[in-house]
Amino acid sequence: MGFYHTIKTALEGLKTNKLRSTLTLLGIVIGITAIIMVMALGQGAQNLILSQIQNVGSSKIIGISPGRHPKGPADIIATFTDSLREKDLGELSKKINVPYAAKIMPLVFGSQTMAYGSETYRPTIFGVTDFFADIYNIYPAEGRLFTDEEVKSYSDVAIIGVKVKNELFGGDDAIGKRVKIKGKSFRIIGVFAATGQVGFLNFDEVAFIPYTTAQQYIFGIKYFNRIAVEADEEAHVEQTVKDIEMTLRNSHNITDPEKDDFFVETQAEAIETVSSITDILKLFLVAMAAISLLVGGIGIMNIMLVSVTERTREIGLRKAVGATEKNILFQFLFEAVMLTAAGGVIGITLGAIFSFSISLILSRFLAVNWEFAFPISAVLLGLGVSGFVGLIFGIYPARQASLKSPIEALRYE
1 MGFYHTIKTA LEGLKTNKLR STLTLLGIVI GITAIIMVMA LGQGAQNLIL
51 SQIQNVGSSK IIGISPGRHP KGPADIIATF TDSLREKDLG ELSKKINVPY
101 AAKIMPLVFG SQTMAYGSET YRPTIFGVTD FFADIYNIYP AEGRLFTDEE
151 VKSYSDVAII GVKVKNELFG GDDAIGKRVK IKGKSFRIIG VFAATGQVGF
201 LNFDEVAFIP YTTAQQYIFG IKYFNRIAVE ADEEAHVEQT VKDIEMTLRN
251 SHNITDPEKD DFFVETQAEA IETVSSITDI LKLFLVAMAA ISLLVGGIGI
301 MNIMLVSVTE RTREIGLRKA VGATEKNILF QFLFEAVMLT AAGGVIGITL
351 GAIFSFSISL ILSRFLAVNW EFAFPISAVL LGLGVSGFVG LIFGIYPARQ
401 ASLKSPIEAL RYE
């Protein structure tokens with residue numbers, strides 16, 4: 001019996017029980033659809049996050065964070081430490097220690113209620129210097145930035161996002177008005193235009209004040225949550241990182257780099273870290289979605305075993321007229337593979353449609369700059385996995401069919 005005839009016989013076998021074949025197909029369709037959606041949406045999320053990082057300042061920006069570099073849950077908790085202090089800022093500011101540092105900015109942040117009259121709003125408060133405007137390439141549409149003198153003198157000035165302005169002042173002008181934060185009066189000197197998300201910040205929902213004022217009057221802390229350093233040239237970034245690490249180790253009396261209570265990260269390293277994390281998350285989610293494929297594969301094996309039993313006389317008749325064990329084996333194996341392959345194609349199509357729809361909703365209705373991504377690897381994985389499932393879970397039933405004795409099969413009632 002030729003290859004073409006084997007495939008034709010397998011298709012006829014599937015058509016004989018259309019409802020059963022369709023229900024068996026659903027397990028594969030659901031599993032492949034889930035895998036395609038995870039990969040497509042995961043790629044879209046990764047692209048969004050990486051673009052946000054790339055939009056934050058130039059590649060000359062170096063971030064210093066407290067604690068160890070997060071490589072697991074315990075390290076993430078360790079980043080909430082107070083290891084970066086005023087002494088460290090002073091050491092880093094010395095040209096002899098970090099000669100290629102062009103600008104240095106300490107950063108503190110937290111959430112506090114801001115009030116104007118009877119109106120209240122709870123923005124994220126950032127204590128910074130005017131260097132933040134260069135980092136994020138964003139400047140007030142109304143008013144101005146605060147000055148170095150205002151930072152040094154613990155001035156009570158604030159720059160707010162447009163949503164903060166609208167919540168507190170409505171359509172009125174905010175410049176020159178005073179708001180209360182934790183009982184202290186602040187004068188509004190600047191308002192950002194509607195900006196939305198830049199990096200990991202929504203600039204419409206934030207307020208910037210001098211870091212000295214934030215430490216002293218708002219958060220009551222003596223340390224920094226972050227320190228940002230800009231190298232004078234991109235070619236000096238690597239050396240600047242080494243200088244920062246050496247300076248902080250000397251400041252903290254650390255001789256073993258493994259015991260660092262801080263970590264330094266460039267934009268390129270941040271992108272690499274985020275890529276690794278999102279790749280791991282995608283693999284984990286794909287593995288979870290693959291469980292449904294395992295269930296679908298078991299269903300296929302069960303259905304194929306039932307089909308072999310029901311078609312015992314057919315097998316006996318075919319063997320009696322010359323069909324070999326190999327012919328019978330291939331027929332039932334093709335049935336399983338074609339069933340799962342069809343499920344793979346349908347699953348890929350549905351996964352693409354659902355992923356595109358979700359991307360459209362996120363980008364248009366939630367104002368998220370989410371671009372639809374459909375990696376070719378998702379298609380190859382979907383087809384490969386569906387075919388593999390059919391092959392693995394179809395071998396045993398096909399083997400059982402091929403081993404049936406033609407005489408016993410013809411006697412089967």
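Going by our numbering, the residue at position 403 of the sequence shown is 403; the numbering climbs one at a time, nothing skipped. Don't be surprised by glycine CBs; every beta carbon is placed ideally from N, CA and C.
Taking buried to mean at least 16 other C-beta atoms within 10 Å of its own C-beta, is PRO257 buried or exposed? exposed
Roughly how many angstroms lie between the CA atoms of PRO66 and ALA133, to the nearest whole one? 23 Å
Complete alpha helix (DSSP H) runs within the region 74 to 159 (minimum length 4 residues, chain order): 86 to 93, 131 to 136, 148 to 152
Are there three or more Cβ pairs, one per stretch, closer than 8 Å when the region 30 to 42 is compared with the region 343 to 354? yes
Thinking C-beta only, is LEU92 closer than 9 Å to ALA101? yes
C-beta contact flag for GLU230 and ILE61 at 9 Å: yes
Taking the CB atoms as reference points, tell me whether GLY63 and ILE227 lie closer together than 9 Å. yes
Report all residues from its chain with a CB closer than 8 Å to the CB of PRO375; omit the five preceding and five following residues, and keep chain order. MET39, ALA40, GLN43
From which residue to which residue does the beta strand (DSSP E) around THR266 run? 262 to 266
Own chain residues within Cβ distance below 7 Å of LYS165, not counting five before or after: ALA174, VAL191
Between which residues of its own chain and ARG144 is the CB-CB distance below 7 Å, once the five residues before and five after are set aside? ILE189, GLY190
Could you check how far apart the C-beta atoms of THR147 and ASP130 are, in whole angstroms? I think they sit under 8 Å. 7 Å
So, is LYS163 buried or exposed, given that buried needs 16 or more other C-beta atoms within 10 angstroms? buried
Using only the alpha-carbon positions, how far apart do ILE218 and LEU26 sit? 57 Å
Taking 7 Å as the limit between beta carbons, can you name the residues of its chain near GLU142, skipping five residues before and five after? ILE175, GLY190, VAL191
Taking the beta strand (DSSP E) that PHE186 falls in, what are its first and last residues? 184 to 191
For the beta strand (DSSP E) that contains PHE208, what are its first and last residues? 206 to 210
Which residues does DSSP list as the beta-bridge partners of GLU335? None; GLU335 has no bridge partner.
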